[in-house]
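There are 2 protein chains.
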Amino acid sequence: MNADGHAAGGWSIGLDIGGTKVLGVLLDDAAAVRATVRVPTRLGTEGVVASAAEVVRRLCADAGIGAADLSGVGAGVPGLVDPRTGEVSHALNLDIHERGVRLAPLLAARLQGVPVTVENDLNVAAVGAARVLGLRGDLAFLALGTGVAAGLLLGGELRRGHRGGAGEIGHLPYASTGPVCPCGQRGCLELYASGSAIDAAWPSRTGRPAAAEVFAAASEGDAVAIGIRDSFTDAVAAAVRLLVLTCDVEHVVLGGGVAEVGAPLLDAVRRQVRSQAEGSPFLRSLRIADRVQVVPGGVPVAPIGAALTARGAVPRRTSVEPVGS
Amino acid sequence: MNADGHAAGGWSIGLDIGGTKVLGVLLDDAAAVRATVRVPTRLGTEGVVASAAEVVRRLCADAGIGAADLSGVGAGVPGLVDPRTGEVSHALNLDIHERGVRLAPLLAARLQGVPVTVENDLNVAAVGAARVLGLRGDLAFLALGTGVAAGLLLGGELRRGHRGGAGEIGHLPYASTGPVCPCGQRGCLELYASGSAIDAAWPSRTGRPAAAEVFAAASEGDAVAIGIRDSFTDAVAAAVRLLVLTCDVEHVVLGGGVAEVGAPLLDAVRRQVRSQAEGSPFLRSLRIADRVQVVPGGVPVAPIGAALTARGAVPRRTSVEPVGS
């Protein structure tokens, strides 16, 4: 027991460290969210560590606890992560271009030795989504944001892959005659199924996110919006089918910025999944549409998952090796 | 010890039950192949059980052992399998159209109670390929035969999936404007990356398998054969990329009938993988071509894997549920 009467291991903090903000949550003993804090991300290794430490300090201050009361801090970061060592490589959105930046030890040192775990951001989001939606089976968290990629929770374990390529479905071909992707290939799925694809097709008119505007206008019968929505959801449905026909996950949870659209997104994606399965008894037998869900609006699944990971809720077996250059 | 001086558990038999033949191997205590037998498959549940039992009897007779000396018999079958119960569903190539045919108990009863395990044929092939090639990391066995599908060995366990759809990559789209697949979709990968695709494009001239003729003629500069080979291997390379960008397996082993082509197939597929990665530093960093291997000619990886599965060499955790009709 510590000074607050909580078992050591009672409090934990999860961080989602993105290119623009760090979002943090404080979980209590029952894994309920007790506080959230958001700060702008300072870039580069030193900036990331300072921003993360600031979030931890503010969460602790809000709850009236000290860093020593924390059983652990978990952080999700975009990029290649070796969770055994807490090393991060090629986290370009964080302006970390080097390989093997020892983010976990650096942050732990800043936090007076609190145990810190670092994971890929989509992996922690998969863990958080499973928790928030109460899902026990195999799950893919399909992030529809600037890019498109998936976090995979298979057999109760995070699927990290041999070289950190697991779930990188955004760079599989979707339209072979499409434009060139920044990755160098042509017609990648990410060019069609991402929030960026909607942003490019529909400049926001009201200042609201383009995806929200498109789905609202489509529901009111705007032909242009309907075309954008259907083209987008057709690509998302292809991503869902891809995850099922390779990994056969029981659940595909739509997340990322576009998921804030909520039920209209879910309905439209399920409709496209069913449309793609029309005429194929094989696809229909897999009941793919029933597997799709969406992250509940405003629920910070990534930091919640990061905090759960820090609590040791997820087995750590992995076969990650650094990507060669 | 039994009468032959082998530890109970020393001998095991593996069967690969296909639509035309049952291929069986006898493994000794050191998991070395001591005998192989092949018989034509009699179809339907009773026929399959009788054919399998005949192979077991002949293997035992050849080695001078009795069924009671076997620690187990493992069988790989095409179709949906629940390895916990030994039930097989929708094994259409075996003329088993029902759901829940209890193949393992039926065969065990025919073999005086020898323990029998039944698995999907691609799963046992993945186990066998890992053993034969001495591969320890995550592995996909990519079968290039009548159809195209993969068996997945991830984290030391077979990936079976929620509804038996894991590895069914042959029914992902490859050419959206392509012909209609028997599955009901259009332009499935299987229509381009299978042995059937080569057979359809190149009627055999010598009675040898069409794939062998095509690769031989292509190496001699035959323009038609080069076109067929390159179209085929481009589709196979797409399948390999798909497996890496979803599951990030360390190894992709080419198997199935076309794999008998051997080194020329491997070379051509690696060349196409490298060609697809040209211009994409992202793809190049994943070193996909280095991950591709081919089953050594004439080595019966599926029955070997089935025998290893019967020996309990593979963890049996699974989340298979029968496919709804």
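Line order of the protein sequences matches chains A and B.
Its first residue numbered 1, the first sequence is counted upward by one per residue in my numbering.
Its first residue numbered 326, the second sequence is counted upward by one per residue in my numbering.
Virtual Cβ for every residue (Gly too), placed ideally from N, Cα, C.
Original post:
Can you round the beta-carbon distance between glutamine 618 of chain B and arginine 566 of chain B to whole angstroms, since I take them to be within the 8 angstroms contact cut?
Top reply: Distance from glutamine 618 of chain B to arginine 566 of chain B at the Cβ level is roughly 16 angstroms; contact not present, criterion being Cβ atoms closer than 8 angstroms.
Original post:
In this structure, what does DSSP give as the bridge partners for valine 116 of chain A?
Top reply: Beta-bridge partners assigned by DSSP to valine 116 of chain A: A:Val73.
**OP:** For the region 554 to 569 of chain B, enumerate the residues whose C-beta is nearer than 8 angstroms to any C-beta of chain A, in chain order.
**Re:** Those residues of the region 554 to 569 of chain B placed with their C-beta closer than 8 angstroms to a C-beta in chain A are Ala563, Arg566, Leu567, Leu568 and Val569, ordered along the chain.
Subject >> Limits of the unbroken alpha helix (DSSP H) element including leucine 384 of chain B >> reply: Following the DSSP letters along the chain, one finds leucine 384 of chain B inside the alpha helix (DSSP H) bounded by residues 369 to 388.
**OP:** Show which residues of chain A have a CB atom less than 7 angstroms away from the CB atom of phenylalanine 607 of chain B.
**Re:** What phenylalanine 607 of chain B touches in chain A: His171, Cys183 and Gly184.
Subject >> Neighbour-count burial assignment, leucine 103 of chain A, 16 or more Cβ in a 10 Å radius >> reply: By the 10 Å Cβ count, leucine 103 of chain A comes out buried.
Original post:
Nearest-angstrom Cα distance between proline 83 of chain A and threonine 146 of chain A?
Top reply: Whole-angstrom Cα-Cα distance: 24 angstroms.
Original post:
Can you list, in chain order, the residues of its chain whose CB lies under 6 angstroms from that of histidine 90 of chain A, leaving out five sequence neighbours each side?
Top reply: Correct list, in chain order: Gly79 and Leu80.
Subject >> glycine 581 of chain B versus B:Val380, B:Gly453 and B:Gly425, residue with shortest Cα-Cα distance >> reply: Glycine 581 of chain B has its Cα closest to that of B:Gly453, out of B:Val380, B:Gly453 and B:Gly425.
**OP:** Return no unless some Cβ of chain A is closer than 7 angstroms to the Cβ of glycine 520 of chain B.
**Re:** Not an interface residue.
Original post:
Taking Cβ positions only, does arginine 110 of chain A come closer than 7 angstroms to chain B?
Top reply: Closer than 7 angstroms: no.
Subject >> Any 3 or more C-beta pairs closer than 8 angstroms across the region 552 to 561 of chain B and the region 434 to 453 of chain B >> reply: By the Cβ rule, the region 552 to 561 of chain B does not count as touching the region 434 to 453 of chain B, because fewer than three pairs are nearer than 8 angstroms.
Subject >> Nonlocal neighbours in the same chain, by C-beta distance under 8 angstroms from valine 244 of chain A, ignoring five residues either side >> reply: So the list reads Val252, Leu286, Ile288 and Arg291, once near-sequence residues are dropped.
Original post:
Can you name the start and end residues of the alpha helix (DSSP H) that glycine 128 of chain A belongs to?
Top reply: Following the DSSP letters along the chain, one finds glycine 128 of chain A inside the alpha helix (DSSP H) bounded by residues 121 to 133.
Original post:
Rounded to the nearest angstrom, how far is the Cβ of glycine 24 of chain A from that of valine 37 of chain A, given a contact under 8 angstroms?
Top reply: Taking C-beta atoms under 8 angstroms as the contact rule, glycine 24 of chain A and valine 37 of chain A qualify, at a distance of about 5 angstroms.
**OP:** Hey, could you find the ends of the beta strand (DSSP E) glycine 255 of chain A is sitting in?
**Re:** 251 to 255 is the extent of the beta strand (DSSP E) around glycine 255 of chain A.
Original post:
In terms of residue numbering, what span does the alpha helix (DSSP H) encompassing proline 105 of chain A cover?
Top reply: It spans 103 to 110 - the alpha helix (DSSP H) in which proline 105 of chain A sits, taken as one unbroken run.
Original post:
Given a threshold of 16 other Cβ atoms within 10 Å of its Cβ, counted over all protein chains shown, does valine 347 of chain B qualify as buried or as exposed?
Top reply: With 16 or more Cβ atoms within 10 Å of its Cβ, valine 347 of chain B is classed as buried.
Subject >> Chain-ordered neighbours of histidine 97 of chain A on chain B, where CB pairs are closer than 8 angstroms >> reply: Residues of chain B passing the Cβ test: none, with the nearest at roughly 13 angstroms.
Original post:
Given a threshold of 16 other Cβ atoms within 10 Å of its Cβ, counted over all protein chains shown, does glutamine 185 of chain A qualify as buried or as exposed?
Top reply: Around the CB of glutamine 185 of chain A, 16 or more other CB atoms lie within 10 Å, so the residue is classed as buried.
Subject >> chain A contact for cysteine 513 of chain B (CB, 7 angstroms cutoff) >> reply: It does not: the Cβ of cysteine 513 of chain B has no partner Cβ on chain A nearer than 7 angstroms.
Original post:
For serine 89 of chain A, does the three-state DSSP call read helix, strand or coil?
Top reply: Strand.
Original post:
glutamine 601 of chain B lies in the beta strand (DSSP E); which residues open and close that run?
Top reply: For glutamine 601 of chain B, no beta strand (DSSP E) run applies; the uninterrupted alpha helix (DSSP H) run containing it begins and ends at 588 to 602, by DSSP.
Original post:
Listed in chain order, which residues of the region 480 to 492 of chain B have Cβ atoms closer than 8 angstroms to some Cβ of chain A?
Top reply: Contact annotation: in the region 480 to 492 of chain B, residues whose CB is within less than 8 angstroms of a CB in chain A are Gly480, Glu482, Arg484, Arg485, Gly486, His487, Arg488, Gly489, Gly490, Ala491 and Gly492.
Original post:
Between glutamine 112 of chain A and alanine 143 of chain A, is the Cβ-Cβ spacing less than 7 angstroms?
Top reply: Contact: no.
Subject >> With 16 other Cβ atoms within 10 Å as the buried cut-off, status of serine 176 of chain A >> reply: When all chains shown are included, serine 176 of chain A counts as exposed.
Original post:
Would you say valine 124 of chain A and alanine 259 of chain A are within 7 angstroms of each other, going by their C-beta atoms?
Top reply: Not in contact: valine 124 of chain A and alanine 259 of chain A (Cβ atoms no closer than 7 angstroms).
Original post:
Looking at the structure shown, is threonine 345 of chain B part of a helix, part of a strand, or coil, going by DSSP?
Top reply: Assignment of threonine 345 of chain B by DSSP, reduced to helix, strand and coil, places it in the coil class.
Subject >> Selection from A:Ala30, A:Val77, A:Leu26 and A:Ala32 that minimises the alpha carbon distance to arginine 58 of chain A >> reply: For the residues A:Ala30, A:Val77, A:Leu26 and A:Ala32, the minimum Cα distance to arginine 58 of chain A belongs to A:Leu26.
Original post:
Between the region 576 to 592 of chain B and chain A, which residues of the former have a C-beta closer than 7 angstroms to a C-beta of the latter?
Top reply: Against chain A - using a Cβ distance shorter than 7 angstroms - the region 576 to 592 of chain B contributes no residues.
Original post:
Is the CB of cysteine 247 of chain A under 7 angstroms away from at least one CB in chain B?
Top reply: Yes, cysteine 247 of chain A counts as interfacial toward chain B.
Original post:
Mind pulling the alpha helix (DSSP H) runs of 4 or more residues that sit fully within the region 207 to 255 of chain A?
Top reply: Those alpha helix (DSSP H) runs which fall completely within the region 207 to 255 of chain A and span 4+ residues are 210 to 219 and 223 to 247.
Original post:
If we ignore side chains and look at the alpha-carbon of each, how far apart do arginine 159 of chain A and arginine 530 of chain B end up?
Top reply: Distance between the alpha carbons of arginine 159 of chain A and arginine 530 of chain B is about 47 angstroms.
Subject >> aspartate 446 of chain B: contacting residues in chain A (beta-carbon distance under 8 angstroms) >> reply: Around aspartate 446 of chain B, no beta-carbon contact reaches into chain A at under 8 angstroms, the shortest distance being about 17 angstroms.
Original post:
Closest to glycine 178 of chain A by CA distance: which of A:Cys188, A:Ile169, A:Pro40 and A:Gly170 is it?
Top reply: Per the Cα distances, A:Cys188.
**OP:** Using a Cβ-Cβ cut-off of less than 8 angstroms, list which residues of the region 454 to 467 of chain B approach chain A; keep chain order.
**Re:** Of all residues in the region 454 to 467 of chain B, Gly462 and Asp463 have a Cβ within less than 8 angstroms of some Cβ in chain A.
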